[in-house]
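Residue numbers (the numbering used here): 2 to 319.
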């Protein structure tokens, strides 16, 4: 064994970068003082210690994310970051969970069963043969075949009822939407599970690219607060991380009957409440100002979300 040169009291040389290390971690490169070149038993102990240290950070992070809206962003802004996952790691972790559970819903047939479950909505209106033919005349052969397939399903099929109701109301109120609108609607209601599956492959990329736009909107809405852009970006990342979970709840409880519609509305209301609580806690304003600013933020964010949804749909392709 090669002896190390004498060092000042309490300091040793970091084997990774060669600088003096006064504590358990090197101040220059961040490497810990753990040495894995030893017997198996203590090495396994360090391995499990590292594993549960990461797990504890995940639990602490998720606890703040779900039960104290906005507090995780406050901790980051206050430079108290070591105990929690970084915003990007948290977001990627939530994307992984979201896509994993979505794949489970698809593979187990949950979404397919939800789409074919009978509905008991009020206000349903059946289109006339003339209205259906007026729509068919605007479509190409493939879309006409898909529309015929949709309209030929059972009267309680959710996708058929939704498509039929749209044709009836659209024709009677507006005189008919453009063929492009019907192509999108027919493509979706012909096989919504396949559309969701294709779109989900690109959702993560689209959402990541949209994060700076949401942060820009938030920074403009809260311009008077004089915060750094990165603060708005971190807050948006945490909000979107929660939204990924809220979206899963909508997959689980689709508005296919009156009770599930009420539950779905309740989930959406809870989503809005979470955003309001996060903004109020982070910026410390009154409820009135918080609601007012959120309305402006939500209005402009809607167009970013719509553009992102269209982009993910188009990237998914037929």
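Glycine included, each C-beta is placed from N, C-alpha and C at the ideal position. Values in this document were obtained by computation on a predicted structure and should not be read as measured data.
Unbroken alpha helix (DSSP H) run spanning residue 378, endpoints | Because residue 378 is not part of the residues shown, which for the chain are 2 to 319, the question remains open.
So, do the segment 233-251 and the segment 264-271 have three or more beta carbon pairs nearer to each other than 8 Å?
-> In short, these stretches touch, since the Cβ pair count reaches three.
Residue 33 in three-state terms, based on DSSP | Three-state result, residue 33: strand.
So what's residue 286 in DSSP terms, helix, strand or just coil?
-> Residue state, collapsed to three classes: coil.
Could you name the residues that DSSP lists as bridge partners for residue 21?
-> BP columns for residue 21 point to 14.
Touching by the beta-carbon criterion (3+ pairs, under 8 Å), the segment 178-192 and the segment 66-76 | With the cut-off at 8 Å, the segment 178-192 and the segment 66-76 do not touch.
Counting pairs of beta carbons, one from the segment 100-110 and one from the segment 195-206, are three or more of them closer than 8 Å?
-> With a cut-off of 8 Å, the segment 195-206 and the segment 100-110 count as touching, because enough Cβ pairs lie within range.
Residue 85 beta carbon less than 8 Å from that of residue 150 | No, they are not a contact pair.
When the Cα atoms are used, what is the spatial distance from residue 19 to residue 80?
-> Going by the C-alpha atoms only, they are around 28 Å apart.
Could you tell me if residue 311 is buried or exposed, where buried requires 16 or more neighbouring beta carbons within 10 angstroms of its beta carbon?
-> Exposed: under 16 other Cβ atoms inside 10 Å.
Anyone know if the C-beta pair for residue 152 and residue 246 falls short of 8 Å?
-> No, the Cβ-Cβ distance between residue 152 and residue 246 is not below 8 Å.
Straight-line Cα distance separating residue 207 from residue 305 | The alpha-carbon atoms of residue 305 and residue 207 are separated by roughly 10 Å.
When every heavy atom of the ligand SAM is checked, does at least one fall within less than 7 Å of the C-beta of residue 185?
-> Annotation note on the ligand SAM: not contained in the displayed structure, which lists no ligands.
Pull up the distance between the alpha-carbon of residue 52 and that of residue 170, whole angstroms please.
-> Legend: pLDDT at residue 52 = 48, less than 50; position of this residue unreliable, value from coordinates given subsequently. Those two C-alpha atoms are separated by around 57 Å.
DSSP on residue 174, reduced to helix/strand/coil?
-> The predicted model places residue 174 with a pLDDT of 48, which falls under 50 and marks its position as unreliable; any figure quoted below should be read in that light. In the three-state reduction of the DSSP assignment, residue 174 falls in the helix class, which pools H, G and I.
Separation of residue 131 from residue 229, as counted between CA atoms = If you draw a straight line from the Cα of residue 229 to the Cα of residue 131, it comes to about 58 Å.
Starting from the C-beta of residue 233, find all residues in its chain whose C-beta is less than 6 Å away, skip the five residues before and the five after it, and write them out in chain order.
-> Cβ neighbours of residue 233 within its own chain (closer than 6 Å, five residues either side excluded): 216, 219, 220.
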